[in-house]
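Count the sequence shown with full-length UniProt numbering and you get residues 1 to 479, in order. A virtual CB, placed ideally from N, CA and C, is assigned to each residue, including glycine. Single-structure report; data block below.
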Amino acid sequence: MEPTDTLLHIQGLSKRYQFRRVFANLDMELARGEWVLICGPNGAGKSTLLRLIAGLEKAQVGSLTSVAARIGYLSHASGLYEDLSPRENLEFFAKIFRLENGPQRAAELLEQFGLTERRDDPVRSLSRGMIRRLSIALAVLHQPDLLLLDEPFSGLDYDAQLALLDLLKGIQAQGCTIVLTTHEFSLEEALDFRLLYLHKGKLIHDQRCRAFAEARDIYQNAMRAGQKETKKTKPPTEKTPQARLNTPASHPPYRLRDYLAQVWAVAQKDLRTEMRTRELLNFMLLFGLSAILIFSFAFNLMSNAVRNFIPGMLWTALIFTGFLGLSKAVNRDFANQSMDVLRIAPLEPSAIYLGKLLGIFIVQLSVAVVLLLAALILFNTALLQPAMATALSSGILGLAASGTLLATLVERTRSREMLLPVLLMPVLIPLLIACVQVTQDAAAGLALVESLAWYRLIFIYNIIMVSVGMLTYGSTIEN
Numbered sequence: 001m002e003p004t005d006t007l008l009h010i011q012g013l014s015k016r017y018q019f020r021r022v023f024a025n026l027d028m029e030l031a032r033g034e035w036v037l038i039c040g041p042n043g044a045g046k047s048t049l050l051r052l053i054a055g056l057e058k059a060q061v062g063s064l065t066s067v068a069a070r071i072g073y074l075s076h077a078s079g080l081y082e083d084l085s086p087r088e089n090l091e092f093f094a095k096i097f098r099l100e101n102g103p104q105r106a107a108e109l110l111e112q113f114g115l116t117e118r119r120d121d122p123v124r125s126l127s128r129g130m131i132r133r134l135s136i137a138l139a140v141l142h143q144p145d146l147l148l149l150d151e152p153f154s155g156l157d158y159d160a161q162l163a164l165l166d167l168l169k170g171i172q173a174q175g176c177t178i179v180l181t182t183h184e185f186s187l188e189e190a191l192d193f194r195l196l197y198l199h200k201g202k203l204i205h206d207q208r209c210r211a212f213a214e215a216r217d218i219y220q221n222a223m224r225a226g227q228k229e230t231k232k233t234k235p236p237t238e239k240t241p242q243a244r245l246n247t248p249a250s251h252p253p254y255r256l257r258d259y260l261a262q263v264w265a266v267a268q269k270d271l272r273t274e275m276r277t278r279e280l281l282n283f284m285l286l287f288g289l290s291a292i293l294i295f296s297f298a299f300n301l302m303s304n305a306v307r308n309f310i311p312g313m314l315w316t317a318l319i320f321t322g323f324l325g326l327s328k329a330v331n332r333d334f335a336n337q338s339m340d341v342l343r344i345a346p347l348e349p350s351a352i353y354l355g356k357l358l359g360i361f362i363v364q365l366s367v368a369v370v371l372l373l374a375a376l377i378l379f380n381t382a383l384l385q386p387a388m389a390t391a392l393s394s395g396i397l398g399l400a401a402s403g404t405l406l407a408t409l410v411e412r413t414r415s416r417e418m419l420l421p422v423l424l425m426p427v428l429i430p431l432l433i434a435c436v437q438v439t440q441d442a443a444a445g446l447a448l449v450e451s452l453a454w455y456r457l458i459f460i461y462n463i464i465m466v467s468v469g470m471l472t473y474g475s476t477i478e479n
């Protein structure tokens, strides 16, 4: 397909990571329907350029204007949830991209990419080539105008590379602009494409090629020449104080129904994953039951005073099981960079937050019910009072609201399992005091109205934490 007009325009783009410069005054254009290969030595800025175009990172200076209504992106990671099947992954992201024919579109792509026979197997059981094909199926799920692929041939054998190239040719023939980075030039295939060679954040080569062999010669010559600049660069453009990203309105109007459907899709995905792996439930239940059992050895079970210690013991177990579960629940979205796919979708960050919160709340509430029954058996105390459900659910909501936000905040740190309790525990102290009191009142058989002051504190706490989470989750996952 011949390019007809400009799809992407970059002018004066500059990007730095602390003291390392990635780009300096980069100018380039992409035409609609083009096939573009970006190459260069390690550290040249290839992956960063794709992330900038996808909107996953921001430049400090310059402008990036795109008329692509929809962008597909594939990084080095798969972007998939390994505990879900190929069909479940595609159908989940179809809901996130608000596709009306999600299951049908997923079935079509599984057939097109030769994955129908393995559609219900966990992704972790697939071969590397199958996972790569499924990742590209995910990237084109919403029929993007611009497809960004970071090293799509990496790790594949020659036959798998040929099969993948044929699939990409079919996608490009439908009018999609394909931009990919690669070090692989071993394919002996005729292909009309545009080659861009980057070195130290500068565009050194920009020319048409007819085959991979031609591109390989250009790449090797540039490497042997010490990456010397062979193309006269454009004079620096006047820099603006801040980078600008302009993209068109790319999706239908966002309605409350769509928002709630996306919230439930995120929660349903987390719950389905948990029901399949039981990773969080088993771990949290083991820890919680062990804590209650240890507490039981410390008290005289026949003493009437033991009733006063049960609420504190129960919430101590719930808080620490929450520390264990929160980090693992949030990590699932970052493990294979699935969060990047969520970020380029027409999805409000607050919907991700509420969906994660809902999933964590249901898991934590299930753990609380089991721990409550264990305490009932061990301490022979009447804990199943009418107000107990309200006491537990209101407190666990606050724990999930604050924990989801802070677990995401520390996700990229190396010691996140240790850092999360340090940050979260001071935030939970007001909630913990109120929850222990209302749980004690509920165990004593008091009516809700007699604990109204404490419930008011819990209600205000929950409102504040949920509001802060909804307002700041976008910047949290971005940074």
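Quiz item: To which residues of the same chain is residue 500 closer than 7 Å at the C-beta, ignoring the five residues directly before and after it?
Solution: For the chain, the structure presents residues 1 to 479; residue 500 sits outside this window and is missing.
Exercise. Report yes if the C-beta distance between F19 and G45 is below 9 Å; otherwise report no.
Key: On the sequence shown, position 19 is the one that residue 19 refers to. On the sequence shown, position 45 is the one that residue 45 refers to. Contact flag unset, no.
Quiz prompt | Where the beta strand (DSSP E) through T177 begins and ends | solution = The sequence position of residue 177 within the sequence shown is 177, counting from 1. Per DSSP, T177 belongs to the beta strand (DSSP E) from 177-181.
Exercise. Would you kindly work out how many angstroms separate the C-alpha atoms of F153 and E88, rounded to a whole number?
Key: Here residue 153 is taken as the residue at index 153 of the sequence shown, counted from 1. Here residue 88 is taken as the residue at index 88 of the sequence shown, counted from 1. For F153 and E88, the distance between alpha carbons rounds to 25 Å.
Quiz item: Do you know whose CA, among F283, L149, L342, lies nearest L180's CA?
Solution: Locating residue 180 in the sequence shown gives position 180, where the first residue counts as 1. The candidate whose alpha carbon is nearest that of L180 is L149.
Quiz item: Should L285 and T316 be called a contact, given that it needs their Cβ atoms to be closer than 9 Å?
Solution: The residue given as residue 285 occupies position 285 in the sequence shown. The residue given as residue 316 occupies position 316 in the sequence shown. No. Outside cutoff.
Quiz prompt | Reduced DSSP category for V22 - H, G, I as helix; E, B as strand; rest coil | solution = Position 22 of the sequence shown, counted from the first residue, corresponds to residue 22. It is a strand residue.
Quiz item: Run through DSSP, which three-state label would Y254 get?
Solution: In the sequence shown, counting from the first residue as 1, residue 254 sits at position 254. DSSP places Y254 in coil when its eight states are reduced to three.
Quiz item: In whole angstroms, what is the alpha-carbon distance linking M418 and R278?
Solution: Here the question's residue 418 lines up with position 418 in the sequence shown. Here the question's residue 278 lines up with position 278 in the sequence shown. The straight-line gap from Cα to Cα measures roughly 23 Å.
Quiz prompt | Outcome for L471 when other beta-carbon atoms lying within 10 angstroms are tallied against a minimum of 16 | solution = Numbered from its first residue, the sequence shown carries residue 471 at position 471. It counts as exposed.
Quiz item: If you run the structure through DSSP and keep just helix, strand and coil, what is K232?
Solution: For this step, residue 232 is matched to residue 232 along the sequence shown. Low confidence applies here, because K232 scores a pLDDT of 40, under 50, leaving its location unreliable and the question unanswered by this model.
Practice problem: Measuring alpha carbon to alpha carbon, tell me which of S394, P122, I344, L342 ends up nearest L365. | Solution: The residue you call residue 365 lines up with position 365 of the sequence shown. Among S394, P122, I344, L342, the Cα nearest to that of L365 is on S394.
Quiz prompt | Same chain only: Cβ atoms within 6 Å of L245, ignoring 5 sequence neighbours per side | solution = Here residue 245 is taken as the residue at index 245 of the sequence shown, counted from 1. Reliability of the predicted coordinates at L245 is poor, the pLDDT of 46 falling under 50, and the value obtained from them is presented with this limitation in mind. Counting only Cβ-Cβ distances below 6 Å, and skipping sequence neighbours, we find L64.
Quiz item: In whole angstroms, what is the alpha-carbon distance linking I352 and F92?
Solution: If you number the sequence shown from 1, residue 352 lands on position 352. If you number the sequence shown from 1, residue 92 lands on position 92. I352 and F92: Cα-Cα distance of roughly 13 Å.
Quiz item: For the alpha helix (DSSP H) that contains T439, what are its first and last residues?
Solution: Along the sequence shown, read from residue 1 onward, the residue named residue 439 stands at position 439. Start and end: 416-443.
Quiz item: Going by the beta-carbon positions, is the gap between L146 and R70 smaller than 9 Å?
Solution: Translated into the one-based positions of the sequence shown, residue 146 becomes position 146. Translated into the one-based positions of the sequence shown, residue 70 becomes position 70. Cβ atoms of L146 and R70: closer than 9 Å.
Self-check item: Member of E450, P386, S327 whose CA lies at the smallest distance from the CA of R414
Solution: Walking along the sequence shown from the start, residue 414 turns up at place 414. Of the candidates E450, P386, S327, the one whose C-alpha sits nearest the C-alpha of R414 is S327.
Quiz prompt | Assigned exposure category for A391 - 16 Cβ within 10 Å defines buried | solution = Translated into the one-based positions of the sequence shown, residue 391 becomes position 391. Its Cβ being crowded by 16 or more others within 10 Å, A391 is buried.
Quiz item: Quick one: what's E29 bridged to in DSSP?
Solution: On the sequence shown, residue 29 is found 29 positions in, with the first residue counted as 1. In the DSSP output, where bridge partners are listed per residue, E29 has H9.
Quiz item: Among V341, I433, I463, which residue has its Cα nearest to the Cα of R51?
Solution: Indexing the sequence shown from 1 puts residue 51 at position 51. Out of V341, I433, I463, V341 has the C-alpha closest to the C-alpha of R51.
Exercise. Compare the beta carbon distance of V363 and L271 with 9 Å and say whether it is the shorter of the two.
Key: As a position in the sequence shown, residue 363 is number 363, starting the count at 1. As a position in the sequence shown, residue 271 is number 271, starting the count at 1. In contact: V363 and L271 (Cβ atoms closer than 9 Å).
Quiz item: Bridge partners of I71, per DSSP?
Solution: Numbered from its first residue, the sequence shown carries residue 71 at position 71. Answer is L146.
Quiz item: Nearest-angstrom Cα distance between D409 and L318?
Solution: Locating residue 409 in the sequence shown gives position 409, counting from the first residue. Locating residue 318 in the sequence shown gives position 318, counting from the first residue. According to the sequence as given, residue 409 is Leu; it is not Asp. Near 21 Å, if we compare the C-alpha coordinates of L318 and L409.
Quiz item: When the Cα atoms are used, what is the spatial distance from S467 to A139?
Solution: Position 467 of the sequence shown, counting from 1, holds the residue named residue 467. Position 139 of the sequence shown, counting from 1, holds the residue named residue 139. Computed Cα separation, rounded: 32 Å.
Quiz item: Should L293 and L324 be called a contact, given that it needs their Cβ atoms to be closer than 9 Å?
Solution: As a working note, residue 293 is residue 293 in the sequence shown. As a working note, residue 324 is residue 324 in the sequence shown. No.
Quiz item: Rounded to a whole number of angstroms, what is the C-alpha to C-alpha distance between T473 and K269?
Solution: Translated into positions along the sequence shown, residue 473 becomes position 473. Translated into positions along the sequence shown, residue 269 becomes position 269. For the sequence presented, residue 473 should be read as Tyr rather than Thr. Spanning the two alpha carbons is a distance of roughly 19 Å.
Quiz item: Once you ignore the five residues that flank A222 on each side, which residues in its own chain have a CB closer than 6 Å to its CB?
Solution: Taking the first residue of the sequence shown as position 1, residue 222 is located at position 222. Counting only Cβ-Cβ distances below 6 Å, and skipping sequence neighbours, we find Y197.
Exercise. Return helix, strand or coil for V61, following the three-state DSSP convention.
Key: Residue numbering aside, residue 61 sits at position 61 when the sequence shown is read from its first letter. Reduced to three states, the DSSP call for V61 is strand.
Practice problem: Under the assumption that L371 contacts L289 (Cβ atoms under 8 Å), give the Cβ distance between them as a whole number of angstroms. | Solution: Here residue 371 corresponds to residue number 371 of the sequence shown, with the count starting at 1. Here residue 289 corresponds to residue number 289 of the sequence shown, with the count starting at 1. Rounded, the Cβ-Cβ distance is 7 Å, consistent with contact.
Exercise. Output the boundary residues of the beta strand (DSSP E) element that contains L471.
Key: Your numbering for residue 471 matches position 471 in the sequence shown. Not the beta strand (DSSP E): L471 falls in the alpha helix (DSSP H), residues 452-478.
Quiz prompt | Close beta carbons around Q437, own chain, < 6 Å, minus the five adjacent residues each side | solution = Counted from its first residue, the sequence shown places residue 437 at position 437. The answer, listed in chain order, is W454.
Practice problem: Would you mind listing the alpha helix (DSSP H) stretches within the region 348-423 that are 4+ residues and don't spill past its ends, in chain order? | Solution: 349-379, 388-409
Quiz item: Buried or exposed: where does I463 fall if 16 or more other Cβ atoms within 10 Å of its Cβ makes it buried?
Solution: Position 463 of the sequence shown holds residue 463. By the 10 Å Cβ count, I463 comes out exposed.
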